[in-house]
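Peer 1: Quick one: the structure is below, and I'll ask about it shortly.
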């Protein structure tokens, strides 16, 4: 037998010994990785989400729906009264921000929310609204910052 063959046999024996030593731990490591994956996948709703960038838009449109809703329906705590307007957007413009959340909404209806009291007389009227989108990558709402009725000409 040559020296080379002896060295190769020696290396092969060590490799088999290492494999036999590692085998019991391989199952434990696999189990740990599976448990960590399950933990992370089930707890993603509690992970921190990236908030929406600061934004503001001005829209003009007609109020199609006026309703008063409980914040519980939207999973907003503490419970409070919210005013929801569904507005058909006739025109809009971005107000000095890079974020543009309404670019695809022109000619469509969008729901806007307010914590401030809004009179039901606004139903069916044309309005001017300064609005901002608040939320994160999982979702959000359009919130009214200012609202006024557009006088009929």
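Residue numbers (the numbering used here): 1404 to 1556.
Built from N, CA and C at the ideal position, the CB exists for glycine as well.
#1: Counting beta carbon pairs with one atom in the segment 1496-1514 and one in the segment 1418-1430, are three or more of them shorter than 8 Å?
#2: Residue 1413 by DSSP, collapsed to three states: which one?
#3: By the three-class DSSP mapping on this structure, what secondary structure does residue 1439 have?
#4: In whole angstroms, give me the CA-to-CA distance for residue 1491 and residue 1444.
#5: Measuring only the C-alpha atoms, how far is residue 1493 from residue 1434?
#6: What separation, rounded to the nearest whole angstrom, lies between the Cα atoms of residue 1410 and residue 1440?
#7: When the distance is taken between beta carbons, is residue 1555 closer than 7 Å to residue 1460?
#8: Skipping 5 residues on each side, what residues in its chain have a beta carbon closer than 8 Å to that of residue 1553?
#9: Provide the residue span of the beta strand (DSSP E) that contains residue 1453, from first to last.
#10: Taking all protein chains shown into account, do 16 or more other C-beta atoms lie within 10 angstroms of the C-beta of residue 1517, making it buried, or fewer, making it exposed?
#11: Got a sec? Which residues, its chain only, sit under 8 Å from residue 1539 by beta carbon, not counting five neighbours each side?
#12: Can you give me the C-alpha to C-alpha distance between residue 1541 and residue 1479, rounded to a whole angstrom?
#13: With C-beta atoms as the reference, is residue 1504 less than 7 Å away from residue 1536?
#14: Pick helix, strand or coil for residue 1501, following the three-state DSSP scheme.
#15: Whose C-alpha, out of 1520, 1414, 1512, 1549, is nearest the C-alpha of residue 1472?
Peer 2: With the structure as the only source:
#1: As far as the Cβ criterion goes, the segment 1418-1430 does not touch the segment 1496-1514, which means the pair count is below three.
#2: helix
#3: helix
#4: 39 Å
#5: 57 Å
#6: 42 Å
#7: no
#8: 1463, 1528, 1529, 1530, 1531
#9: Careful: residue 1453 lies outside any beta strand (DSSP E) and carries neither H nor E.
#10: Answer is buried; the Cβ neighbour count reaches 16.
#11: 1452, 1453, 1454, 1455
#12: 15 Å
#13: Going by C-beta atoms, residue 1504 is nearer than 7 Å to residue 1536.
#14: Residue 1501: coil per DSSP, three-state reduction.
#15: 1520
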